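In the order they appear, the protein sequences are chains A and B. Read in order, the letters of the first sequence are residues 252 to 439 in the numbering used here. Read in order, the letters of the second sequence are residues 252 to 439 in the numbering used here. Presented below is the structure to which this report refers.
2 protein chains.
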Amino acid sequence: MGGSAARRSDASRSAILAAARERFATDGYERATIRAIARDAHIDPSMVMRYFGNKDGLFAAAVTLDLRMPDLSQVPRTEVGHALVGHFLTVWEENEELTAVLRVGVTNAAGAERLQGIFRDQVVPVAQRVCPDPEQVQTRAGLCAAQLMGLALTRYVVRLPPVVALGRPEILAWLGPTVQRYLTAPSP
Amino acid sequence: MGGSAARRSDASRSAILAAARERFATDGYERATIRAIARDAHIDPSMVMRYFGNKDGLFAAAVTLDLRMPDLSQVPRTEVGHALVGHFLTVWEENEELTAVLRVGVTNAAGAERLQGIFRDQVVPVAQRVCPDPEQVQTRAGLCAAQLMGLALTRYVVRLPPVVALGRPEILAWLGPTVQRYLTAPSP
DNA sequence: AGCGTTGGTCAACGCTTGTTGGCAAGCGTA
DNA sequence: TACGCTTGCCAACAAGCGTTGACCAACGCT
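Below you can see the structure in the form of structure tokens.
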């Protein structure tokens, strides 16, 4: 029962998960059909059901999001904004699961809850390190999330041309001070 | 043919459009079914087809988005950020079509194009009034869009609790200076 | 009265969806 | 060889989808 032993089906499982990640990222929850995912993985749709129960289970298994948040207490206090924007930019561009969870979070109630969980468990704790006032850390983290998710939305999902055209240094120069202010400036 | 005369079916038409707006806003494009919209409007699904051709036509007719952008050249130059954030906040809260177009813009390719069109035709021209450098106006408008759509996304769609909890004055105080900087500060 | 136009209902079409159960082939062990 | 478990494919199900066309009732006109 432990499941530590390698099963013969592990190749199929991971093929399904990879295909699911890609489909969810590009199509969103509703249009990412089990049949299409199975076709991408060169396997029968019924196998997807047997391995993951149902479509919700597949989504839960495929999209497990780790932002790999850095330890901001190691960064000079005047550069946390710059560091945070840079980290998000890197993670977004090398990890399509973020687009998946954002797309699904907008269409699906369960997806929205997952986004809330990521915010609560991964973003807020990091903000707590740099802004110790427990009264304000939630608000400040929320403001950062609004700015960073807005960037992701306009750049990777909606693809507003001017935002797509921005280079990494320009984004850092524009958004770094904003996030810095949201995290460390005195409350207005 | 002109269509100026009031038709007997106008009540049904507008009932369908109202129901469609609400469904698209809460469910997104795929899950907002014609059958559900027709049920809400107390009418037969086939009438929706007759009036609007197909689902795309219904969406186009239901979600016509006018941001009613203010003339920022009338506002003191140091307060355009504050004014813009306040305007967006007002429009978002009294108009569910914005949530609809955002939700659909994330899932549907046609919806994304519509968002790009709104940005191009309604947001950029206003930014042009306050930031006359034609080289930068696109970029600056894009940055504002990223911040404002990020707010809308986290507040009205994903509903991150700390962002939902923010009051209007706090949002103005936090985001006003950001948008102000994106519009008027010297390029970093 | 008779007419065409309009507003509306009903039943069905073809298709896709998530999901299920049965059955065949491969494997390790006894 | 025979057994039991795993892996996989196939065919089918019920439900829902967008969409279509036939049919009916009410209206406005001449």
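By construction, the Cβ of each residue, glycine as well, lies at the ideal position given by its N, Cα and C atoms. Predicted, not measured: the structure shown is a model, and the values here were computed from it.
Buried/exposed call for residue i, threshold 16 Cβ in 10 Å
i: A:N359; result: buried
i: B:A416; result: exposed
i: A:G332; result: buried
i: A:G393; result: buried
i: A:Q325; result: exposed
i: A:A262; result: exposed
i: B:R272; result: buried
i: A:G362; result: buried
i: B:G304; result: exposed
i: B:R319; result: exposed
i: A:T390; result: buried
i: A:R419; result: exposed
i: A:G308; result: exposed
i: A:R328; result: exposed
i: A:T341; result: exposed
i: A:T277; result: exposed
i: B:R301; result: exposed
i: B:T315; result: exposed
Min CB distance residue i to chain A below 7 Å
i: B:P413; result: yes
i: B:Q379; result: no
i: B:T358; result: yes
i: B:V408; result: yes
i: B:A397; result: yes
i: B:F310; result: no
i: B:G279; result: yes
i: B:G332; result: no
i: B:W343; result: no
Proximity test, Cβ basis, 7 Å: residue i and chain B
i: A:L394; result: yes
i: A:R354; result: yes
i: A:G254; result: A caution first: A:G254 carries a pLDDT of 40, below 50, which makes its placement in the model unreliable, though a value can still be read off. By this cut-off, A:G254 is not an interface position.
i: A:P439; result: yes
i: A:A287; result: no
i: A:M320; result: no
i: A:G401; result: yes
i: A:W366; result: Position check: residue 366 of chain A holds Leu in this sequence, whereas Trp was assumed. Taking Cβ atoms only, chain B reaches closer than 7 Å to A:L366, which makes this a yes.
i: A:A270; result: no
i: A:L404; result: yes
i: A:Q208; result: Beyond the ends of chain A as shown, which are 252 and 439, falls residue 208 of chain A; an answer cannot be given.
i: A:T284; result: no
i: A:A363; result: yes
i: A:A424; result: yes
- Message: Quick check for students: name the residue ranges of the alpha helix (DSSP H) that lie wholly in the region 286-369 of chain B, counting only runs of 4 or more.
- Response: 296-303, 306-313, 331-345, 347-358 and 360-369
- Task: Decide if the region 423-430 of chain B is in contact with the region 325-340 of chain B; the criterion is three or more beta carbon pairs, one per stretch, under 8 Å apart.
- Result: yes
- Is there contact between the region 395-415 of chain A and the region 397-417 of chain B, where contact requires at least three CB pairs shorter than 8 Å? yes
- Message: Count Cβ pairs between the region 343-354 of chain B and the region 364-377 of chain B that sit closer than 8 Å; are there 3 or more?
- Response: yes
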